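Counting from 1, one number per residue, gives the positions in the sequence shown under the UniProt record's numbering. Where is the CB? At the ideal position from N, CA and C, for every residue including glycine. It should be emphasised that the depicted structure is a prediction, and the values quoted were computed from it without experimental measurement. So the structure is just underneath, and the comments pick up after that.
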Amino acid sequence: MTLKIKDLENNLKITETNFTIMTQFFLLGFSDIPTFHWFLFGIFLVIYIIILLGNGIIILITRIDSSLQTPRYFSLSNFSVLEIYYVSIALPRMLMDLWTQEGAISFSACATQMCFFLMLGATECFLLALMAYDHYVAICNPLHYPLVMNHKVCVQLVGASWISGLPVEIGQTCQIFSLPFCGSSQINHFFCDIPPLLKLACGDIFVNEIVVYIFAVLFVTVPFMLILRSYSRITFTILKLPSNTGWTTAFSTCSSHLMVVVLFYGSATIAYLKPKFSQYEGMDKLLSLFYAILTPMFNPMIYSLQNKDVREKTMLHIYGNSPQ
């Protein structure tokens, strides 16, 4: 009997140790396909360079060209800055892991990565909603556009988009990393994100999952509903236009933004709001690649190809004369 009690005490100590000694995690990334890690390293390195160059060009053009220093392009410039920061949270780390084939990340580095990723993700949602509102005002109330979207208001709205998610996402990160982690320290992902981390937590995480859903609704669904509201009004206004020329102009104004919205919101919504019984982790990685890496890459391509002003100004500054 005494021996059994001692064994029980030893097991409790081991269990308690498992809760407290988690000092680092291991990002598995794409370790399940090791023969392709150099190929993936090359692909993601090219993608990172494209993201930096593409978004950097948009930032530069909108800053140095006086004709593009308008509320719309101020929002687009901030969006490009955000995309560079956003992708730089996960992609350089993933490139390093593909190069070294290690994947070890400290507890504090993992928490920091997730915190910044969540904050910038919330900022992206609000910036996309702001850009949709800008299109709504420009198309539905063009005479009032200079008054409604003046420089001061635009700066305030963009600033609010940047800081709105800071306190909430910092609190959510603290809540996630205050959970006890035991057993495996392997994160089956290429960066520290909420869903794979919750799978490593011990005990009852029901409250944490509810909080994740609440914040996902707050920072993903609410801005998305605002975007839908803006575009529903834009649609009604377009249908009232007397000529197809007006329809074409309005559609060209909104099409690039709509493409980015569909890419980002579609993948992010499925990743964070999908049912719990969906356990196919390969799909989680694929969805994360869309909203964390591919959307920032497509952003400059979409806006430069769809936006006549950005395309012409870019060609003008590159070649020194107007495109023919």
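Pro195 (DSSP reduced to helix, strand or coil): If DSSP states are grouped into helix, strand and coil, Pro195 belongs with the helices.
Under 8 angstroms between C-beta atoms of Leu120 and Tyr85: yes
Candidates Ala268, Thr70 and Ser106: closest to Ala292 by CA position: Ala268
Through-space distance from Gln156 to Pro167, alpha-carbon basis: 18 angstroms
Option in Gly29, Ile50 and Tyr136 with minimal Cα separation from Leu104: The sequence given here has Ala at residue 104, not Leu. For Ala104, the nearest C-alpha among the options comes from Gly29.
Three-state secondary structure (DSSP) of Ser164: coil
Whole-Å CB distance - Ser75 paired with Leu127, under 8 angstroms assumed: 7 angstroms
CA-to-CA distance, Asp204 to Tyr213, given in whole angstroms: 16 angstroms
contact_flag[the region 61-78, the region 146-156] where n(CB pairs < 8 angstroms) is 3 or more: yes
Endpoints, beta strand (DSSP E) assigned at Gln24: Gln24 to Leu27
For Gln186, the three-state DSSP class (helix, strand or coil): strand
Through-space distance from Thr235 to Cys140, alpha-carbon basis: 10 angstroms
DSSP-derived helix/strand/coil call for Ser31: Note: Ser31 maps to coil in three-state DSSP.
Contact between the region 88-104 and the region 40-57 (3+ Cβ pairs under 8 angstroms): yes
Boundaries (first-last residue) of the beta strand (DSSP E) holding Ser106: Ala104 to Ser106
Distance between Asp65 and Ile210 (C-alpha atoms, nearest Å): 47 angstroms
Paired residues, beta bridge with Ala201 - DSSP: Ala201 pairs with Phe181.
Exposure label - Ser77; buried when at least 16 CB within 10 Å: buried
Chain-order list of residues whose beta-carbon lies under 7 angstroms from that of Ile59 (same chain, five-residue window excluded): Ser77, Ser80 and Val81
Test item: CB-CB of Ala201 and Pro223 under 8 angstroms: no
Nearest-angstrom Cα separation, counted from Ile270 out to Ala132: If I take the Cα positions, the gap works out to 21 angstroms.
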